[in-house]
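Just below is one structure, and these are the notes that go with it.
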Amino acid sequence: MQKRIGVIFVSRRNSLRSILAEACLAHLDPQRFSASSCGQPGHVAREFHPAAIGALHSASMPVPQHAPRGWDDLARSGSPQADFIITLDGTTESRQPSWPGQPDGALWAYPDVADGSDPEKVAHDAIQLLFSLRRRLELLVSLPLHGGDRAAVRSDVRDLGYMR
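Per the numbering used here, numbering of the sequence shown is gapless, rising by one per residue and ending at 166.
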């Protein structure tokens, strides 16, 4: 049996974008993938955004069981090593730590829909965000990630960030 592919999703607050991505990947293929999420220390939310919880419930996906956390929790020595770091917020990309094991990185930039002032629009945008993430993650799951050309896989994962 091959080891599970570790993916960490990063956004600023770890309350909506990265939570949706983590939950979606865990839903799509929990046998092959180990999904985690985190945010930028000092900006991490105290709890998941209600729109993230609503979007996951509408898609019949379970909400992750952990509270929002900073990347320090996942980048410390002894933490499970990731194979991929997928950044969902371009503003955090240059601030991220050196990840153990030097995983491949990709930027899949998404707008911060949690910043909206209209709760109905935020809820609608969160559902649209989940649909978009699901399309990208379905393609990620279909990639030949074990035993292939690592440079080609890295390129494919990065290219998924340009999907519309």
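Glycine included, every Cβ here is placed at the ideal spot set by N, Cα and C.
- In the DSSP assignment, residue 72 forms a beta bridge with 41.
- Between the stretch 145-162 and the stretch 65-79 there are fewer than three inter-stretch CB-CB distances shorter than 8 Å, so the stretches are not counted as touching.
- Considering only 37, 21, 20, the residue with the shortest C-alpha distance to residue 28 is 37.
- Residue 5 has its alpha-carbon roughly 34 Å from the corresponding atom of residue 116.
- The beta-bridge partner set that DSSP reports for residue 86 consists of 9, 106.
- Residue pairing from DSSP places residue 35 in a beta bridge opposite 7.
- The beta carbons of residue 137 and residue 165 sit closer together than 8 Å.
- With contacts defined by Cβ atoms closer than 8 Å, residue 66 and residue 10 do not form a contacting pair.
- Annotated three-state conformation of residue 18 is coil, per DSSP.
- Given a length threshold of 4 residues, each whole run of the alpha helix (DSSP H) inside the stretch 110-154 is given here in chain order: 121-144.
- DSSP, reduced to helix, strand and coil, places residue 52 within a helical segment of the structure shown.
- Counting C-beta pairs with one atom in each stretch, the stretch 53-70 and the stretch 87-97 have fewer than three that are closer than 8 Å, which means they do not touch.
- Here the C-alpha atom of residue 80 lies approximately 15 Å from the C-alpha atom of residue 105.
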